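Asks: If you read the sequence shown in the working numbering, its first letter stands for residue 16, the second for the next number, and so on.
To start, I am sharing the structure in question, which I have written as structure tokens.
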Amino acid sequence: MQPENNRLKPLPTYGKCFVCGQSNQRGLKVPFFTDGKTARAAFTPDLSLLGYGHAVHGGILGTLLDEALIWGCYVQTGRFGVTAEITIRYLKPLVIETECIVIGEMVENKGKIWMAEADIRNQAGCVYARAKGKIIPMTEEQNRELMRGLD
């Protein structure tokens, strides 16, 4: 996903991260961008991510949603967190080679816990999977350490 008319700004990547890391040979290499409120990424699953039939494996969708929850919180706070709880609703199978968008957003900051939501949809807005999550913020020290590893 390229920034649209400079509206979207790229978020950093974390080298070997399975989702966003660009140096992870087995990773998805999905960079995230922000509009200042949400985190979003374009993703077109290939045959290597097949679950059954022509559908993407649900674990891959869950992984993308988890990443979007964390980046959604980062956009709002400038800090990273870890997922304490995630609830995923799989609404319909995502067929291999379908261009889609992953969007994550923090919806509530309760201090010691952040509430976030994410979904995976196609260009027309059809939602394939949706997640709600509780994110525990990293300490300032943990966040600084993680920031040192960003590309």
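Think of the CB as a built atom: it goes at the ideal place given N, C-alpha and C, for glycine as much as any other residue.
Only a predicted model underlies this, so the values are computations on that prediction, with no experimental measurement involved.
Beta-carbon within less than 6 Å of G42's beta-carbon, same chain only, minus the 5 sequence neighbours each way: which residues are those?
Replies: Hits under 6 Å: F33, G36.
Asks: Mind pulling the beta strand (DSSP E) runs of 3 or more residues that sit fully within the region 43-67?
Replies: 54-58, 65-67, all fully within the region 43-67.
Asks: Using CA coordinates, which residue listed in G66, T59, G164 is at the minimum distance from R136?
Replies: Comparing Cα positions, the closest option is T59.
Asks: Buried or exposed: E120, going by 16 or more other Cβ atoms within 10 Å of its Cβ?
Replies: E120 should be labelled buried.
Asks: For N20, count the other beta carbons within 10 Å of its own beta carbon; 16 or more makes it buried, fewer makes it exposed. Which is it?
Replies: Here N20 scores only 47 on pLDDT, less than 50, and its place in the model should not be relied on; the value that follows carries that caveat. With fewer than 16 Cβ atoms within 10 Å of its Cβ, N20 is classed as exposed.
Asks: Please work out which residues of its chain come closer than 8 Å, Cβ to Cβ, to H72, disregarding the five sequence neighbours upstream and downstream, and give them in chain order.
Replies: Hits under 8 Å: L64, L65, G66.
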